[in-house]
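Input: a single structure, listed below in structure tokens.
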Amino acid sequence: MAKLMSDREYATPFPMLHAASLLSHRTRIGKFSEAIRRVVDADSSIVDIGTGTGVLAMLAARAGARRVIALDINPESIEYARRSARLNGLDRRIEFVVGHYRDLVLDELADIVICEMLSSMMLVEQQVPACGFAVRNLLKRNGTVLPQSATVFVVLAECRTLWNRFSVEGLRFPRLPQTVSPNEARDMSDAVELAHFDFTSPESPERIDRRIEFVVNEDGTVHGLAGFFQSTLYGDIRLEMADGWRDVFLPLPHATNVSPGDTLAVRIEFVPGRVDTLRLELES
Ligand SMILES: C[S@@+](CC[C@H](N)C(=O)[O-])C[C@H]1O[C@@H](n2cnc3c(N)ncnc32)[C@H](O)[C@@H]1O
146 MAKLMSDREY ATPFPMLHAA SLLSHRTRIG KFSEAIRRVV DADSSIVDIG TGTGVLAMLA
206 ARAGARRVIA LDINPESIEY ARRSARLNGL DRRIEFVVGH YRDLVLDELA DIVICEMLSS
266 MMLVEQQVPA CGFAVRNLLK RNGTVLPQSA TVFVVLAECR TLWNRFSVEG LRFPRLPQTV
326 SPNEARDMSD AVELAHFDFT SPESPERIDR RIEFVVNEDG TVHGLAGFFQ STLYGDIRLE
386 MADGWRDVFL PLPHATNVSP GDTLAVRIEF VPGRVDTLRL ELES
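Okay, structure coming up:
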């Protein structure tokens with residue numbers, strides 16, 4: 146049986162209500178459903194890390210997997226996932242576990258690890274450390290990880306709404322990364338690749354540390370960077386931002402007025418999954 150050890154580490158638990166709201170991402174779930182149907186057979190043993198509502202674990206069980214373990218750090222989500230499985234007659238086919246992925250000890254390595262903790266820049270959620278851990282500790286040597294990889298891009302952004310969010314009623318607040326809708330931000334340069342993450346590799350990068358020179362192509366003000374990703378889920382199945390994610394806006398320490406042809410060099414540093422480690426600076 147799967148059992149838990151004791152130590153606790155950095156985690157980004159979602160409230161159960163938020164996990165349930167992700168059921169509205171129909172194309173995201175449809176793509177996972179297709180990928181799961183392609184890789185699961187009657188011999189498959191599966192771990193779903195960050196199961197939330199249990200939707201991906203249930204798709205795996207319905208696809209005929211021999212064994213499915215569904216793990217989440219949030220006990221309320223696990224309770225909800227258990228109720229959902231009962232509703233669908235799948236509760237006997239799924240083992241539900243409350244805890245951090247790092248605490249999961251398996252009595253049998255998995256054929257397939259599903260881990261959907263993607264976030265716009267792999268900055269907030271645990272996708273990168275969780276997949277690295279899973280490949281090293283939970284997955285058979287020739288096992289499959291879903292999704293398989295993601296490439297993160299950044300672009301200079303004018304974003305007055307989120308810049309101004311942090312001043313209210315004469316009070317000032319330290320600016321933080323925030324998700325941003327397309328109509329709130331304007332691209333001020335071409336997008337540049339920041340990092341590529343191979344979720345099938347045991348060696349995931351521990352720190353991103355890049356200096357990127359952007360060439361401005363609009364008149365206006367640069368308030369920060371907007372980040373987004375493209376992901377290979379399995380084979381030719383790709384996840385796009387429109388499948389259920391929003392760009393993340395990272396504020397720079399100062400707003401800068403720019404014209405086309407200007408170059409701005411930005412140093413960006415963070416540990417994937419650790420938004421508290423983010424450092425963003427404009428270099429001269
Ligand atoms: C983006 S949601 C995905 C939910 C579901 N798999 C889906 O596709 O709709 C990520 C889930 O991972 C859980 N989570 C976050 N950090 C975790 C950790 N360190 N260990 C286990 N679960 C975690 C959250 O509580 C949340 O329910």
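With my numbering applied, the sequence shown covers 146 to 429. Cβ atoms here follow ideal geometry from the backbone N, Cα and C, with glycine treated the same way.
Within 10 Å of its beta-carbon, does residue i have 16 or more other beta-carbons around it, so buried, or fewer, so exposed?
i	result
Lys285	exposed
Arg171	exposed
Thr408	exposed
His245	buried
Asp217	buried
Ser151	Confidence in Ser151 is poor, its pLDDT being 39 and thus under 50, which makes the residue's placement unreliable; the coordinate value appears in the next sentence. Exposed, since its Cβ has fewer than 16 Cβ neighbours within 10 Å.
His368	buried
Asp186	exposed
Glu351	exposed
Leu249	buried
Val200	buried
Gly372	buried
Chain C beta carbons: is any one of them nearer than 9 Å to that of residue i?
i	result
His368	The chain inventory of the structure shown lacks chain C, comprising one protein chain alone.
Considering Cα atoms alone, identify which of the options is closest to residue i.
i	options	result
Ser294	Met203, Gly315, Ile223, Met266	Met266
Thr306	Val300, Thr296, Leu321	Leu321
Gln272	Pro292, Ser312, Ala255, Asp256	Pro292
Ser229	Thr289, Ala202, Ile191	Ala202
Val420	Ser264, Ala206, Phe177	Ser264
Ala156	Asn219, His399, Leu168, Ser166	Asn219
Gly406	Glu363, Leu427, Phe415	Glu363
Arg247	Asp236, Arg227, Cys276, Leu268	Cys276
Val269	Met386, Ala400, Phe159	Phe159
Starting from the C-beta of residue i, find all residues in its chain whose C-beta is less than 8 Å away, skip the five residues before and the five after it, and write them out in chain order.
i	result
Leu370	Val299, Val300, Leu301, Ala302, Phe394, Leu395, Leu397, Val411, Ile413, Leu425
Thr296	Glu338, Ala340, His341, Phe342, Phe374, Gln375, Ser376
Ser429	Ala410
Keeping to the same chain, check which residues put their C-beta closer than 7 Å to that of residue i; ignore five residues upstream and five downstream.
i	result
Ala173	The sequence as given places Arg at residue 173; Ala does not occur at that position. The answer, listed in chain order, is Leu384, Asp388, Gly389.
Arg153	Caution applies to Arg153, whose pLDDT of 46 falls short of 50 and renders its modelled position unreliable; the value that the coordinates give is listed next. Cβ within range, chain order: His245.
Below 6 Å CB to CB, which residues in the same chain sit around residue i once its five sequence neighbours on both sides are set aside?
i	result
Leu204	Ser178, Ile181
Pro274	Gly418
Phe311	Phe318, Arg320
Ala164	Gly197, Thr198, Ser222
Ala210	Val185, Ser189, Ile191
Asp332	Val300
> Would you call the stretch 169 to 186 and the stretch 374 to 381 in contact, with 3 or more CB pairs under 8 Å?
Replying inline: yes
> Touching or not, the stretch 323 to 334 and the stretch 273 to 284, by the rule of three or more beta carbon pairs under 8 Å?
Replying inline: no
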